[in-house]
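Here the sequence shown is numbered in the numbering used here, starting from 3 and rising by one per residue. The beta-carbon is built from N, C-alpha and C at its ideal position, and this holds for glycine as well. Here the structure is a predicted model, which means the values were calculated and not measured. Below: the structure, in structure tokens.
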Amino acid sequence: MQRPLRLAILECDHSLDPDGSLYGGYGGLIRSWLQTHEAFRSSNVECTIWDVEIAQTYPAPGAFDAVVITGSRESARICWFQDDSEAYDKATSVNDPFDWVRKLEQFMQGIVGDGKTKSVGLCFGHQLIAKALGAPTLNMMHADNVLSVPQGTVNIGSTEYCSIQGLYAPNKILTVQAHPEFDRMTMQNVIKVMADHGELDEQARTDAVARNVGGTDADLVLNAIAEFLLGFINSMTSIIQEFDNDGKNEVLLEKSPGLKNQ
């Protein structure tokens with residue numbers, strides 16, 4: 003019998019579901035979202051959730067085959083103050099609420115460096131993995147943006163407001179800046195949480211509610227992530243095709259000939 007895929011979900015936020023009554027926590031939301039994919043449901047997967055924000059618990063090295071880093075209201079930039087560790091040390095104590103981000107980055111540096119473990123990152127997770135690979139990030143109104151493509155990865159998409167929408171390295175890394183795990187109902191809850199915390203003024207809240215309609219490409223992203231984790235996607239061409247319906251991202255393949263046929 004084939005050994006199960008051991009998947010560790012690293013839970014980086016509790017504001018969305020503080021008592022776990024809605025989704026079983028953010029990690030539970032991710033697990034349920036993945037299980038909506040038929041291939042994921044029918045495969046032998048052992049999924050565990052680790053609270054790396056509050057409890058700061060981690061799976062033991064070698065005890066998992068893949069990790070998924072959730073989103074977070076915090077900033078991946080807290081890992082470095084302009085890459086100045088002295089400035090960070092002065093700004094952070096062992097009890098600092100952001101110390102968990104630095105610990106997570108150090109953990110992920112080991113993961114991305116071992117070449118054996120697959121890593122998936124969503125929004126904050128995308129930024130954190132990029133930081134672990136050495137790429138700088140820039141704080142924007144809505145979140146951080148990754149500023150450069152780390153060596154050994156390729157950018158899988160771009161928009162006017164975010165030039166690096168995701169990263170891919172065959173059999174190693176797949177990240178997206180967006181939140182494909184949020185359906186319309188979840189997004190309503192997110193908007194409420196952000197407004198309640200003063201992160202959205204009334205105009206921004208109204209605009210967000212008005213835009214929270216219609217369909218998204220979440221199923222395309224879910225399909226790519228599920229197939230990446232389960233080993234069905236092994237080439238740069240297939241991952242680009244997964245995300246690209248109009249051929250615009252073909253230029254990304256031409257810019258990354260070393261990855262095109264991997």
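- A Cβ-Cβ distance of about 11 Å is found for the pair Val148 and Val178, leaving them out of contact under the 8 Å criterion.
- With 16 or more other Cβ atoms inside 10 Å of its own Cβ, Asn225 counts as buried.
- The continuous alpha helix (DSSP H) containing Thr208 extends over residues Glu204 to Arg213.
- Our two residues, Asn157 and Tyr170, have alpha carbons roughly 7 Å apart in a direct line.
- Every beta strand (DSSP E) stretch that sits fully inside the segment 93-138 and reaches 3 residues is listed by chain position as 120-124.
- Taking Trp102 as the centre and dropping the five residues before and after it, the same chain places the C-beta of Val54, Glu55 and Gln58 closer than 7 Å to its C-beta, in chain order.
- Straight across, the Cα-Cα distance linking Tyr60 with Trp52 is about 6 Å.
- Between the C-alpha atoms of Asp15 and Ala180 there is a straight-line separation of about 16 Å.
- Non-local beta-carbon contacts of Glu40 in its own chain, meaning distances under 6 Å to residues more than five positions away in sequence, are absent.
- Burial state of Met110 is buried, judged by a 10 Å Cβ sphere holding 16 or more other Cβ atoms.
- Nearest in C-alpha terms to Thr119, of all of Val70, Glu76, Ala137 and Gln108, is Val70.
- Counted as a single uninterrupted DSSP element, the beta strand (DSSP E) harbouring Thr177 occupies residues Ile175 to Val178.
- Separation of Arg186 and Met196 (C-alpha to C-alpha, rounded to the nearest whole angstrom) is 15 Å.
- Distance between Leu31 and Leu18, taken at the CA atoms: about 10 Å.
- When secondary structure is reduced to three states using DSSP, Ala10 falls in the strand class.
- When secondary structure is reduced to three states using DSSP, Thr50 falls in the strand class.
- Spanning the alpha carbons of Lys174 and Arg75 requires a straight line of approximately 25 Å.
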